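Numbering (the working numbering), first residue to last: 107 to 446.
Virtual Cβ for every residue (Gly too), placed ideally from N, Cα, C.
For clarity, every value in this text was computed on a predicted model and none was experimentally measured.
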(Lines of atoms letter the chains of each structure in order from A and count residues from 1; the text may use other names and numbers.)
(Lines give C-alpha, C1' and ligand atoms only; values in the text may rest on other atoms or scores of the structure.)
Protein backbone atom coordinates (compact mmCIF):
# COMPACT_ATOMS: atom_id res chain seq x y z
CA UNK A 1 0.00 0.00 0.00
CA UNK A 2 1.32 3.44 -0.96
CA UNK A 3 2.03 5.75 1.97
CA UNK A 4 0.02 9.04 1.86
CA UNK A 5 2.14 12.01 0.83
CA UNK A 6 2.96 14.86 3.17
CA UNK A 7 2.74 18.23 1.40
CA UNK A 8 5.23 20.83 2.56
CA UNK A 9 6.05 24.46 1.82
CA UNK A 10 9.03 24.60 4.17
CA UNK A 11 11.59 24.36 1.38
CA UNK A 12 10.08 26.82 -1.12
CA UNK A 13 13.24 28.93 -1.30
CA UNK A 14 15.40 25.91 -2.04
CA UNK A 15 12.91 24.58 -4.60
CA UNK A 16 13.00 27.92 -6.42
CA UNK A 17 16.79 27.63 -6.49
CA UNK A 18 16.47 24.09 -7.85
CA UNK A 19 14.26 25.43 -10.64
CA UNK A 20 16.89 28.05 -11.46
CA UNK A 21 19.48 25.30 -11.69
CA UNK A 22 17.23 23.15 -13.87
CA UNK A 23 16.82 25.98 -16.38
CA UNK A 24 20.58 26.18 -17.00
CA UNK A 25 20.62 23.31 -19.50
CA UNK A 26 18.39 22.16 -22.35
CA UNK A 27 18.10 18.38 -21.99
CA UNK A 28 15.42 17.31 -24.45
CA UNK A 29 14.06 14.72 -24.74
CA UNK A 30 15.08 14.28 -21.08
CA UNK A 31 13.51 16.51 -18.40
CA UNK A 32 15.31 19.57 -17.05
CA UNK A 33 15.95 18.84 -13.38
CA UNK A 34 17.63 20.79 -10.58
CA UNK A 35 18.62 19.61 -7.09
CA UNK A 36 19.68 21.27 -3.82
CA UNK A 37 20.93 19.43 -0.70
CA UNK A 38 20.50 21.13 2.67
CA UNK A 39 21.88 20.26 6.11
CA UNK A 40 21.63 22.34 9.28
CA UNK A 41 20.00 25.12 7.22
CA UNK A 42 23.02 25.31 4.88
CA UNK A 43 23.24 24.33 1.23
CA UNK A 44 25.93 21.66 0.93
CA UNK A 45 25.40 20.54 -2.65
CA UNK A 46 23.74 21.61 -5.91
CA UNK A 47 23.37 20.02 -9.31
CA UNK A 48 21.39 19.94 -12.54
CA UNK A 49 21.00 17.55 -15.45
CA UNK A 50 22.98 18.61 -18.52
CA UNK A 51 21.53 16.22 -21.08
CA UNK A 52 21.01 12.60 -22.20
CA UNK A 53 23.78 10.28 -21.04
CA UNK A 54 25.14 12.73 -18.45
CA UNK A 55 24.70 12.38 -14.65
CA UNK A 56 21.30 13.35 -13.30
CA UNK A 57 20.85 16.31 -10.97
CA UNK A 58 20.75 14.24 -7.77
CA UNK A 59 24.07 12.34 -8.19
CA UNK A 60 25.74 15.60 -9.22
CA UNK A 61 24.54 17.36 -6.06
CA UNK A 62 25.43 14.34 -3.91
CA UNK A 63 28.97 14.28 -5.31
CA UNK A 64 29.39 17.92 -4.32
CA UNK A 65 28.00 17.30 -0.85
CA UNK A 66 30.29 14.32 -0.31
CA UNK A 67 30.09 12.61 3.09
CA UNK A 68 28.15 15.60 4.47
CA UNK A 69 25.08 14.28 2.60
CA UNK A 70 24.42 11.75 5.37
CA UNK A 71 21.38 12.91 7.34
CA UNK A 72 20.70 15.81 4.93
CA UNK A 73 17.55 16.85 3.04
CA UNK A 74 17.52 16.55 -0.75
CA UNK A 75 15.22 18.95 -2.63
CA UNK A 76 14.64 18.19 -6.31
CA UNK A 77 12.26 19.51 -8.96
CA UNK A 78 11.27 16.03 -10.25
CA UNK A 79 10.71 12.81 -8.32
CA UNK A 80 13.98 10.83 -8.47
CA UNK A 81 14.07 8.04 -11.03
CA UNK A 82 14.19 4.36 -10.12
CA UNK A 83 15.27 3.18 -13.56
CA UNK A 84 18.47 1.85 -15.07
CA UNK A 85 19.03 3.60 -18.38
CA UNK A 86 22.20 5.19 -19.68
CA UNK A 87 22.83 6.18 -16.06
CA UNK A 88 22.08 4.28 -12.80
CA UNK A 89 18.85 4.96 -10.86
CA UNK A 90 19.01 8.09 -8.72
CA UNK A 91 17.25 6.25 -5.88
CA UNK A 92 20.31 4.03 -5.40
CA UNK A 93 22.63 7.02 -5.07
CA UNK A 94 20.27 8.76 -2.62
CA UNK A 95 20.01 5.68 -0.39
CA UNK A 96 23.76 5.03 -0.49
CA UNK A 97 24.50 8.64 0.50
CA UNK A 98 22.38 8.38 3.66
CA UNK A 99 19.90 11.14 2.80
CA UNK A 100 17.26 11.34 5.54
CA UNK A 101 14.56 13.37 3.76
CA UNK A 102 13.45 13.88 0.16
CA UNK A 103 11.33 16.81 -0.99
CA UNK A 104 10.30 16.72 -4.65
CA UNK A 105 8.22 19.02 -6.84
CA UNK A 106 6.69 17.06 -9.71
CA UNK A 107 5.76 13.36 -9.68
CA UNK A 108 7.51 11.27 -12.34
CA UNK A 109 4.79 9.31 -14.22
CA UNK A 110 7.35 7.01 -15.87
CA UNK A 111 9.97 5.76 -13.41
CA UNK A 112 9.34 7.58 -10.12
CA UNK A 113 11.19 6.19 -7.13
CA UNK A 114 9.55 7.87 -4.13
CA UNK A 115 8.06 4.60 -2.88
CA UNK A 116 11.40 2.81 -2.96
CA UNK A 117 12.95 5.64 -0.95
CA UNK A 118 10.16 5.42 1.64
CA UNK A 119 10.75 1.71 2.00
CA UNK A 120 14.44 2.47 2.58
CA UNK A 121 13.47 4.61 5.59
CA UNK A 122 13.75 8.02 3.95
CA UNK A 123 11.08 10.60 4.81
CA UNK A 124 9.44 11.65 1.53
CA UNK A 125 7.47 14.87 1.10
CA UNK A 126 5.87 16.58 -1.90
CA UNK A 127 6.51 20.31 -2.17
CA UNK A 128 3.67 22.80 -2.35
CA UNK A 129 3.08 24.05 -5.92
CA UNK A 130 6.16 26.15 -6.74
CA UNK A 131 6.13 26.11 -10.53
CA UNK A 132 7.65 22.67 -11.07
CA UNK A 133 4.61 21.25 -12.88
CA UNK A 134 4.46 24.29 -15.17
CA UNK A 135 8.20 24.16 -15.80
CA UNK A 136 8.06 20.46 -16.68
CA UNK A 137 4.77 20.57 -18.62
CA UNK A 138 6.36 19.91 -22.01
CA UNK A 139 8.30 16.88 -20.77
CA UNK A 140 5.26 15.52 -18.94
CA UNK A 141 3.23 15.63 -22.15
CA UNK A 142 5.94 13.94 -24.21
CA UNK A 143 6.55 11.29 -21.54
CA UNK A 144 2.88 10.37 -21.11
CA UNK A 145 1.44 10.81 -24.64
CA UNK A 146 4.43 10.32 -26.99
CA UNK A 147 3.51 13.62 -28.64
CA UNK A 148 5.61 16.79 -28.72
CA UNK A 149 4.78 19.93 -26.78
CA UNK A 150 3.65 22.38 -29.48
CA UNK A 151 4.23 26.13 -29.20
CA UNK A 152 2.77 28.45 -31.83
CA UNK A 153 4.69 31.68 -32.30
CA UNK A 154 3.35 34.67 -34.22
CA UNK A 155 4.26 38.31 -34.73
CA UNK A 156 1.13 40.40 -35.18
CA UNK A 157 0.05 43.98 -35.61
CA UNK A 158 -2.09 45.61 -32.95
CA UNK A 159 -5.17 44.69 -35.00
CA UNK A 160 -4.19 41.02 -35.15
CA UNK A 161 -2.67 40.74 -38.62
CA UNK A 162 0.58 39.04 -39.69
CA UNK A 163 1.01 40.57 -43.16
CA UNK A 164 -0.30 43.44 -45.29
CA UNK A 165 -1.55 41.00 -47.92
CA UNK A 166 -1.36 37.26 -48.64
CA UNK A 167 1.96 36.38 -50.25
CA UNK A 168 3.57 39.67 -49.17
CA UNK A 169 6.57 39.64 -46.85
CA UNK A 170 5.89 42.06 -43.99
CA UNK A 171 8.28 42.89 -41.14
CA UNK A 172 6.17 43.70 -38.10
CA UNK A 173 8.37 43.27 -35.02
CA UNK A 174 10.86 45.75 -33.55
CA UNK A 175 14.57 44.76 -33.32
CA UNK A 176 14.29 43.74 -29.66
CA UNK A 177 11.36 41.43 -30.39
CA UNK A 178 13.14 39.91 -33.39
CA UNK A 179 16.22 39.14 -31.29
CA UNK A 180 14.12 37.64 -28.49
CA UNK A 181 12.20 35.52 -30.99
CA UNK A 182 15.38 34.16 -32.52
CA UNK A 183 16.78 33.17 -29.11
CA UNK A 184 13.53 31.37 -28.24
CA UNK A 185 14.35 28.78 -30.90
CA UNK A 186 17.20 27.45 -28.77
CA UNK A 187 14.73 25.81 -26.38
CA UNK A 188 13.11 23.61 -29.04
CA UNK A 189 14.01 20.43 -30.91
CA UNK A 190 12.38 21.47 -34.18
CA UNK A 191 10.86 24.50 -35.88
CA UNK A 192 7.98 24.18 -38.36
CA UNK A 193 6.71 26.39 -41.19
CA UNK A 194 4.48 25.91 -44.20
CA UNK A 195 5.65 25.71 -47.80
CA UNK A 196 4.09 29.11 -48.52
CA UNK A 197 6.26 30.76 -45.85
CA UNK A 198 9.33 29.20 -47.46
CA UNK A 199 8.32 30.51 -50.90
CA UNK A 200 7.49 34.03 -49.70
CA UNK A 201 10.10 34.66 -46.98
CA UNK A 202 12.84 32.10 -47.77
CA UNK A 203 13.71 31.96 -44.04
CA UNK A 204 16.89 30.37 -42.72
CA UNK A 205 15.19 29.26 -39.48
CA UNK A 206 18.61 29.53 -37.87
CA UNK A 207 19.37 28.71 -34.24
CA UNK A 208 22.46 28.29 -32.11
CA UNK A 209 21.62 24.62 -31.51
CA UNK A 210 21.05 23.65 -35.14
CA UNK A 211 17.53 22.34 -34.54
CA UNK A 212 15.55 20.32 -37.08
CA UNK A 213 13.70 22.41 -39.68
CA UNK A 214 10.27 21.07 -40.65
CA UNK A 215 8.31 22.11 -43.74
CA UNK A 216 4.68 21.14 -44.32
CA UNK A 217 4.50 20.64 -48.08
CA UNK A 218 7.09 20.11 -50.82
CA UNK A 219 6.13 22.92 -53.20
CA UNK A 220 9.31 24.83 -52.39
CA UNK A 221 12.39 25.78 -54.43
CA UNK A 222 15.26 23.29 -54.12
CA UNK A 223 17.66 26.11 -53.28
CA UNK A 224 15.55 27.36 -50.33
CA UNK A 225 17.65 28.35 -47.33
CA UNK A 226 15.85 25.85 -45.08
CA UNK A 227 17.38 23.04 -47.18
CA UNK A 228 20.96 24.19 -46.62
CA UNK A 229 21.90 20.88 -44.95
CA UNK A 230 20.46 17.46 -44.11
CA UNK A 231 18.71 18.69 -40.95
CA UNK A 232 15.45 19.43 -42.80
CA UNK A 233 12.24 17.38 -43.03
CA UNK A 234 9.55 18.01 -45.65
CA UNK A 235 6.15 16.35 -45.34
CA UNK A 236 4.25 15.68 -48.56
CA UNK A 237 2.03 12.88 -49.83
CA UNK A 238 2.42 13.24 -53.59
CA UNK A 239 4.78 15.33 -55.70
CA UNK A 240 6.68 15.26 -58.99
CA UNK A 241 9.52 12.70 -59.04
CA UNK A 242 11.97 15.15 -60.57
CA UNK A 243 11.14 17.76 -57.92
CA UNK A 244 11.56 15.17 -55.17
CA UNK A 245 14.99 14.30 -56.53
CA UNK A 246 15.98 17.98 -56.65
CA UNK A 247 14.90 18.54 -53.04
CA UNK A 248 16.75 15.44 -51.85
CA UNK A 249 19.91 16.52 -53.66
CA UNK A 250 19.80 19.75 -51.65
CA UNK A 251 19.59 17.84 -48.36
CA UNK A 252 15.87 17.51 -47.65
CA UNK A 253 14.48 14.34 -46.10
CA UNK A 254 11.03 13.76 -47.55
CA UNK A 255 8.36 12.06 -45.44
CA UNK A 256 5.35 10.51 -47.19
CA UNK A 257 2.73 11.81 -44.76
CA UNK A 258 -0.12 14.13 -45.68
CA UNK A 259 0.96 17.58 -44.38
CA UNK A 260 -2.70 18.34 -43.63
CA UNK A 261 -2.84 15.45 -41.14
CA UNK A 262 -1.36 17.38 -38.22
CA UNK A 263 -1.59 14.55 -35.71
CA UNK A 264 0.16 12.12 -38.08
CA UNK A 265 2.94 14.68 -38.56
CA UNK A 266 3.27 15.17 -34.80
CA UNK A 267 3.38 11.41 -34.18
CA UNK A 268 6.17 11.04 -36.73
CA UNK A 269 8.13 13.92 -35.20
CA UNK A 270 7.79 12.37 -31.74
CA UNK A 271 9.13 9.07 -33.11
CA UNK A 272 12.21 11.02 -34.23
CA UNK A 273 12.82 12.30 -30.68
CA UNK A 274 11.19 15.70 -31.19
CA UNK A 275 9.77 16.56 -27.75
CA UNK A 276 9.33 20.33 -28.23
CA UNK A 277 8.10 21.84 -31.50
CA UNK A 278 7.95 25.54 -32.41
CA UNK A 279 5.39 26.43 -35.09
CA UNK A 280 6.29 29.71 -36.82
CA UNK A 281 3.71 30.04 -39.58
CA UNK A 282 2.08 31.16 -41.67
CA UNK A 283 -1.63 31.80 -41.29
CA UNK A 284 -2.80 28.56 -42.94
CA UNK A 285 -0.48 26.54 -40.70
CA UNK A 286 -1.78 28.37 -37.62
CA UNK A 287 -5.35 27.50 -38.57
CA UNK A 288 -4.47 23.86 -39.28
CA UNK A 289 -2.87 23.40 -35.86
CA UNK A 290 -5.66 25.20 -34.03
CA UNK A 291 -8.33 23.23 -35.90
CA UNK A 292 -6.54 20.03 -34.91
CA UNK A 293 -6.49 21.19 -31.27
CA UNK A 294 -2.74 20.60 -31.35
CA UNK A 295 -1.43 23.77 -29.69
CA UNK A 296 -0.24 23.72 -26.08
CA UNK A 297 1.13 27.25 -25.85
CA UNK A 298 0.98 30.54 -27.76
CA UNK A 299 3.80 33.08 -27.91
CA UNK A 300 2.76 36.36 -29.47
CA UNK A 301 4.82 39.43 -30.33
CA UNK A 302 2.35 42.29 -30.72
CA UNK A 303 3.46 45.47 -32.48
CA UNK A 304 1.75 48.85 -31.91
CA UNK A 305 1.41 49.37 -35.69
CA UNK A 306 -1.83 48.72 -37.55
CA UNK A 307 -2.33 46.71 -40.74
CA UNK A 308 -5.95 47.36 -41.73
CA UNK A 309 -7.24 44.82 -44.22
CA UNK A 310 -4.23 42.57 -43.68
CA UNK A 311 -3.92 38.81 -43.24
CA UNK A 312 -5.42 37.67 -39.95
CA UNK A 313 -3.25 35.56 -37.66
CA UNK A 314 -6.32 33.74 -36.31
CA UNK A 315 -9.87 33.62 -37.64
CA UNK A 316 -11.17 33.31 -34.09
CA UNK A 317 -9.77 33.82 -30.61
CA UNK A 318 -7.73 30.75 -29.57
CA UNK A 319 -9.04 30.94 -25.98
CA UNK A 320 -5.77 30.53 -24.09
CA UNK A 321 -4.95 31.98 -20.66
CA UNK A 322 -2.21 34.55 -20.24
CA UNK A 323 0.76 33.40 -18.12
CA UNK A 324 3.35 36.04 -19.04
CA UNK A 325 3.40 39.53 -20.54
CA UNK A 326 6.26 42.02 -20.93
CA UNK A 327 7.57 44.80 -23.13
CA UNK A 328 10.29 44.21 -25.70
CA UNK A 329 11.23 47.57 -27.17
CA UNK A 330 8.03 48.95 -28.70
CA UNK A 331 6.36 45.53 -28.82
CA UNK A 332 4.58 43.38 -26.24
CA UNK A 333 5.48 39.73 -25.73
CA UNK A 334 2.69 37.50 -24.44
CA UNK A 335 2.83 33.82 -23.50
CA UNK A 336 -0.42 31.87 -23.15
CA UNK A 337 -1.43 28.29 -22.39
CA UNK A 338 -4.58 26.25 -22.75
CA UNK A 339 -7.50 27.31 -20.56
CA UNK A 340 -7.88 24.02 -18.71
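At a Cβ-Cβ threshold of 7 Å, residue 295 and residue 381 count as neighbours. Around the beta carbon of residue 302, 16 or more other beta carbons sit within 10 angstroms, so the residue counts as buried. Around the beta carbon of residue 267, 16 or more other beta carbons sit within 10 angstroms, so the residue counts as buried. Between residue 297 and residue 291, the gap from beta carbon to beta carbon is short of 7 Å. The three-state secondary structure of residue 392, taken from DSSP, is helix. Note that the stretch 262-282 does not touch the stretch 148-164; fewer than 3 beta-carbon pairs, one per stretch, sit closer than 8 Å. Residue 263 counts as buried, since at least 16 other C-beta atoms from the protein chains shown sit within 10 angstroms of its C-beta. Spanning the alpha carbons of residue 327 and residue 413 requires a straight line of approximately 29 Å.
In this structure, the straight-line span from the alpha carbon of residue 385 to that of residue 284 is close to 16 Å. The continuous stretches of alpha helix (DSSP H) do not include residue 359, which lies in the beta strand (DSSP E) extending over residues 358-361.
Counting other Cβ atoms within 10 Å of its Cβ, residue 358 reaches 16 or more and is therefore classed as buried. Residue pairing by DSSP puts residue 260 in a beta bridge opposite 406. A residue is called buried when at least 16 other Cβ atoms come within 10 angstroms of its Cβ; residue 136 meets this threshold and is buried. Rounded to the nearest angstrom, the gap between the Cα atoms of residue 390 and residue 311 is 18 Å. In this structure, DSSP gives residue 426 an extended state, which the three-state scheme calls strand.
Separation of residue 119 and residue 280 (C-alpha to C-alpha, rounded to the nearest whole angstrom) is 36 Å. In the DSSP annotation of this structure, the continuous segment of the beta strand (DSSP E) that includes residue 144 starts and ends at 140-145. When the Cα atoms are used, residue 353 and residue 420 turn out to be separated by approximately 31 Å.
Of the candidates 175, 410 and 393, 410 places its Cα closest to the Cα of residue 277. In the three-state reduction of the DSSP assignment, residue 302 falls in the helix class. Annotation: the continuous alpha helix (DSSP H) that includes residue 121 extends over 118-128. Burial is judged here by how many other beta carbons sit within 10 angstroms of a residue's own beta carbon; residue 216 has fewer than 16 and is exposed. As the crow flies, the alpha-carbon of residue 179 is around 40 Å from that of residue 372. Counting along the chain, residue 332 sits inside no alpha helix (DSSP H), nor does DSSP assign it H or E at all. According to the DSSP assignment, residue 318 belongs to the beta strand (DSSP E) that extends over 318-322. The beta carbons of residue 128 and residue 139 sit about 5 Å from each other, so the pair counts as a contact at 8 Å.
Fully enclosed alpha helix (DSSP H) runs of no fewer than 4 residues occupy 220-225 and 238-241 of the stretch 198-248, in order along the chain. Assignment of beta-bridge partners to residue 267 by DSSP yields 418. Cβ-Cβ separation between residue 213 and residue 185: approximately 5 Å, consistent with a contact (criterion under 8 Å). Cα atoms of residue 331 and residue 337: separation of roughly 12 Å, rounded to the nearest angstrom. With respect to the 7 Å criterion, residue 175 and residue 220 are not classified as neighbours on the basis of their beta carbons.
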